[in-house]
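Novice:
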Amino acid sequence: MKLRRSLAMRFAAALLAAPAALSPMLATPAQALIVFDPSNYTQNVLTAARSLEQITNQITSLQNEAQMLINQARNLAS
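Using the working numbering, the first residue of the sequence shown is number -12, and each one after it goes up by one.
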């Protein structure tokens, strides 16, 4: 009876220890996990929007300068 009990205890211990021993082998490596940081994403979107606004302002400024040069050329020709 004692032998059966110790074998049953060993078997139960092995069954309980097996998942703990196998879990590191079955786990996904850390470099494969995807992390999404909402605050960083928000900052990146705001930075992109500000950059786009600056580019739009530069284009408008260049258009105004080109129109100014055209007007100056007309005034010089007349």
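Cβ atoms here follow ideal geometry from the backbone N, Cα and C, with glycine treated the same way.
Along the alpha helix (DSSP H) that carries I46, what are the first and last residues, could you check?
Specialist: Where I46 is concerned, the enclosing alpha helix (DSSP H) stretches over P25 to A64.
Novice: Compute the Euclidean distance between the alpha carbons of T34 and S26, then round it to the nearest angstrom.
Specialist: Whole-angstrom Cα-Cα distance: 12 angstroms.
Novice: To the nearest angstrom, report how far apart M55 and Q30 are at their CA atoms.
Specialist: Those two C-alpha atoms are separated by around 37 angstroms.
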